[in-house]
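**Student:** Note that the protein sequences, when read in sequence, are chains A and B.
For what it's worth, the numbering used here labels the leading residue of the first sequence as 7, then goes sequentially.
For what it's worth, the numbering used here labels the leading residue of the second sequence as 775, then goes sequentially.
Just so it is clear, CB atoms sit at the ideal spot from N, CA and C, and this is done for glycine as well.
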Amino acid sequence: MDNESLKTKIAQWVPNAEFEETGTSKAQLLNVIITPDKLLDVAYKLRNEEDMKFDFMFSLTCVDFPEHFMMVYHLRSTQTWNEVVLKVKMEDKEKPQVETLCHIWRTAEYHEREVYDLFGIVFKNHPDLRRILLDEEWEGYPLRKDYVDPVNMISL
Amino acid sequence: MTEEVETKDAIKTQEYFVNMGPQHPSTHGVLRLMLELDGEIIKRVIPHIGYIHRSIEKMSEKDSYRQIVHLTDRMDYLSNHMNNEAVCLLVENALEVEVSDRVKVIRTIMSELTRLSSHQLWWGVMGMDLGALTTFLYAFRDREMINDIFEETCGARLTVNYNVPGGVMFDIHPNFQKRVKDFIKHFKTKLPEYDRLLSDNVIFRQRTEGVGILSKEDAISYGVTGPTGRASGFSNDTRKHKPYSAYDRVEFKEILMDKGDTFSRYKSRILEMWESISIIEQLIDNIPEGEIQSPAVKQVIKLPAGEYYQSVETARGELGVYVVSDGQKSPYRLKFRSPGFSNLFVLDHMVRGYKIADLVAMMSTIDLVIPDIDR
């Protein structure tokens, strides 16, 4: 399924989804940007629809933009080797929240813990949301752009 | 009589926790596992990571792209070339620069040598984890030859930093081709020895066959890539599916197994070594002439604003680099999708119901490198 038909199909599920293409001119990836409340529905369909079957989540991360947080899910189908990037835009920078996807892709459980640890995004219904790389007592979320640590950080 | 049996049934062992690591020899680094045990049976494994977390992703937000390359071989130090290559390929693709054929071929040979040396070390410690010290000595004897080749051409044995954006740091040493051919000739006689020593050993077979089975569906769901995933039949070789460097001009097989047990994961790496040897043999006499560094890549690199993803096949699986660029000399956000991170967490799923000794064997065949997990 090429990017155009994928786009048409997703636009039917989520009429207000935004689309963009990223990557190099040789390899274009379709980006689907949705709001947090649509995530579970879209993720489930991308995983299970007959002609999509994006069964392999190969990357899960977050980006801290000045106005919003952006969750970035890279998905791939192991049948066709098609790829799509699912993004969730979180306007609420004070209390960023999103549903967990660990019941759809098991690998998400640990990547979400990493994002919680370093960005402070709360994953609703996550079975075991704890810090993973840093100590439990650590204060703040290091990968946020406004994070300051006068002791451990050397500013250049 | 029946009363006696009832009393016997009433005796129950209490579940308890045992701490394995962070200084346990079979965790190969600072990994700590909390084992929830019922007698000798493992109920649950809770991995604790982060002991060697150096926040490479945060550092990258301040570094230039040329500097980031140097951080990458501190992650998976056994796949150093491939890690360097991932960032270099990303920069080249984003700038739409084509490197010369010479660079492509050199990179491919180097990557396969790295894969061989990584698998050699893995084979050595795998035997050692299961109680056979000899394998370690055999493997290090052969691995030393590869390290010598690296030392001569790259100037370093482990953190080689040989790839730079736009090419490689130096041209290959005049001895390079001869020494690689000598090594291949030597190693082709030694690899069957590996089989005779460990693969065909009865004790080894009994400890690994049918143990720790991972199904294909679970491998995909847990995102298990590399030989670990391929032993479960999950075709995930980036070299085949998204060829980079010179992988599109060589012939090799993607090793796929169907059983998914500990022995399959072991065997898939042994077979993969034969494929690496074959790739090197196809290329070593055909290194084309060409420039070593592309002049199109400037000293200060600024990627056009946008998002890029590049993956390479390391010895452990798919390493992905995801970059969000805002047009500055450092990335706005950089994420490494490390193969070890995803592979580690399948352990809990695999090991439930087995004993601690089986856990050690399974952990060996996942081939963990802790700095790669913690980043």
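(1) Give the residues of chain B in contact with A/Gly29, contact being defined as C-beta atoms less than 8 Å apart.
(2) Which residues in chain A have a C-beta closer than 7 Å to the C-beta of B/Ser1116? List them in chain order.
(3) What would DSSP say about B/Val873, mapped onto helix, strand or coil?
(4) Report the rounded CA-to-CA distance for B/Glu872 versus B/Ser892, giving the unit in angstroms.
(5) Hey, is A/Trp19's beta-carbon within less than 9 Å of any beta-carbon in chain B?
(6) Under a three-way DSSP split, which group does B/Tyr1106 fall into?
(7) State yes or no: is the beta carbon of A/Glu120 nearer than 9 Å to at least one beta carbon in chain B?
(8) Quick one: which chain B residues come within Cβ less than 8 Å of A/Val69?
(9) Does B/Lys817 come within less than 9 Å of chain A when only Cβ atoms are used?
(10) Go to A/Glu82, then tell me how far its beta strand (DSSP E) extends in each direction, as first and last residue.
(11) Any beta carbon from chain B within less than 9 Å of A/Tyr79's own beta carbon?
(12) Determine the DSSP secondary structure at B/Thr776, reduced to helix, strand or coil.
(13) Quick check on the burial criterion: 16 or more other C-beta atoms within 10 angstroms. Buried or exposed for B/Phe924?
(14) Quick one, which of B/Val804, B/His802, B/Ile977 and B/Leu811 has its alpha-carbon nearest B/Lys786's?
(15) Over what stretch of residues does the alpha helix (DSSP H) that includes B/Leu1045 continue unbroken?
(16) So with Cβ pairs under 9 Å, would you call A/Tyr116 a contact of chain B?
(17) Which residues, taken in chain order from the region 1004-1017 of chain B, show a beta carbon closer than 9 Å to some beta carbon of chain A?
(18) In three-state DSSP terms, what is A/Asn37?
(19) Should B/Ser1116 and B/Thr1036 be called a contact, given that it needs their Cβ atoms to be closer than 9 Å?
(20) Is it true that the region 889-903 of chain B meets the region 816-826 of chain B, where meeting means three or more beta-carbon pairs spaced less than 8 Å apart?
(21) Locate the beta strand (DSSP E) running through B/Asn793, then write down its first and last residues.
(22) From B/Met1124 to B/Arg818, what does the alpha carbon distance come to, in whole angstroms?
(23) In the DSSP assignment, find the unbroken beta strand (DSSP E) run with A/Cys68 in it and report its ends.
(24) Any beta-carbon of chain B closer than 9 Å to the one on A/Glu55?
(25) In the DSSP output, what is B/Asp812 paired with across the bridge?
(26) Go to B/Met1031, then tell me how far its beta strand (DSSP E) extends in each direction, as first and last residue.
(27) Roughly how many whole angstroms lie between the Cα atoms of A/Lys15 and A/Ile39?
(28) Count the C-beta pairs between the region 850-858 of chain B and the region 1139-1149 of chain B that are closer than 8 Å, then say yes if the count reaches three, no if not.
(29) By the 7 Å beta-carbon criterion, what residues does the region 804-836 of chain B contribute toward chain A?
(30) Are three or more beta carbon pairs between the region 1007-1015 of chain B and the region 952-960 of chain B nearer than 8 Å?
(31) Under 8 Å Cβ-Cβ, which residues of chain A neighbour B/Gly1101?
(32) Looking at chain B, is there any beta carbon in it that lies within less than 9 Å of the beta carbon of A/Pro156?
(33) Name the residue from B/Leu809, B/His802, B/His798 and B/Val804 whose alpha carbon lies nearest to the alpha carbon of B/Val792.
(34) Can you name the residues of chain B whose CB is closer than 8 Å to the CB of A/Met63?
(35) Using a Cβ-Cβ cutoff of less than 7 Å, which residues in the same chain neighbour B/Arg917 once the five nearest sequence positions on both sides are dropped?
(36) B/Ala906 touches chain A at which residues, Cβ-Cβ below 7 Å?
**Tutor:** In terms of the structure at hand:
(1) Going along chain B in sequence order, the residues near A/Gly29 (Cβ under 8 Å) are Gly1080, Glu1081, Tyr1082 and Tyr1083.
(2) Under the 7 Å cutoff, chain A gives Thr113.
(3) B/Val873 falls in the coil class under three-state DSSP.
(4) Roughly 29 Å between the two C-alpha positions.
(5) No, A/Trp19 does not count as interfacial toward chain B.
(6) Under the three-state reduction of DSSP output, B/Tyr1106 falls in the coil class, being neither helix nor strand.
(7) It does; some Cβ of chain B falls within 9 Å.
(8) Listed along chain B are Val1098, Tyr1106 and Arg1107, each with a C-beta nearer than 8 Å to that of A/Val69.
(9) Not closer than 9 Å to any Cβ of chain A, the Cβ of B/Lys817 fails to qualify, so no.
(10) Here residue 82 of chain A is Arg; the residue named in the question, Glu, does not match the sequence. Residues Phe75 to Arg82.
(11) A/Tyr79 does not count as touching chain B.
(12) Bear in mind that a pLDDT of 46 at B/Thr776, under 50, signals an unreliable position, so the model cannot answer this.
(13) It is buried - the Cβ of B/Phe924 has at least 16 other Cβ atoms within 10 Å.
(14) When each option's Cα is compared against that of B/Lys786, the closest is B/Leu811.
(15) Unbroken alpha helix (DSSP H) run through B/Leu1045: Thr1036 to Ile1058.
(16) Yes, A/Tyr116 lies at the interface with chain B (some Cβ there is under 9 Å from its Cβ).
(17) Taking 9 Å as the Cβ-Cβ cut-off against chain A, the residues of the region 1004-1017 of chain B that qualify are Phe1008, Ser1009, Asn1010, His1015 and Lys1016.
(18) Of the three classes helix, strand and coil, the one that applies to A/Asn37 here is strand, per DSSP.
(19) The criterion of a C-beta distance shorter than 9 Å is not satisfied by B/Ser1116 and B/Thr1036.
(20) The count of Cβ pairs closer than 8 Å, one atom from the region 889-903 of chain B and one from the region 816-826 of chain B, stays below three, leaving the stretches out of contact.
(21) Looking at the DSSP string, the run of the beta strand (DSSP E) that includes B/Asn793 is Tyr790 to Met794.
(22) Straight-line Cα distance between these residues: approximately 10 Å.
(23) Taken as a continuous stretch (DSSP letters only), the beta strand (DSSP E) holding A/Cys68 covers Phe62 to Asp70.
(24) Judged by the 9 Å Cβ criterion, A/Glu55 is not in contact with chain B.
(25) Partner(s): B/Ile815.
(26) Premise fails: B/Met1031 is in no beta strand (DSSP E) and is neither H nor E.
(27) Taking the straight line from one Cα to the other gives about 14 Å.
(28) Segments in contact, yes.
(29) Residues Ile823, Gly824, His827, Ser829, Glu831, Lys832 and Lys836.
(30) Contact between the region 1007-1015 of chain B and the region 952-960 of chain B is absent, because fewer than three Cβ pairs lie under 8 Å.
(31) Result: empty, since nearest Cβ-Cβ is about 14 Å, beyond 8 Å.
(32) It does not; no Cβ of chain B falls within 9 Å.
(33) Put simply, of B/Leu809, B/His802, B/His798 and B/Val804 the residue whose alpha carbon is nearest the alpha carbon of B/Val792 is B/Leu809.
(34) Below the 8 Å Cβ cutoff, chain B contributes Gly997 as neighbours of A/Met63, in chain order.
(35) Ser891, Gln894 and Leu895, listed in sequence order.
(36) Within 7 Å Cβ-Cβ: nothing; B/Ala906 doesn't reach chain A, min ~32 Å.
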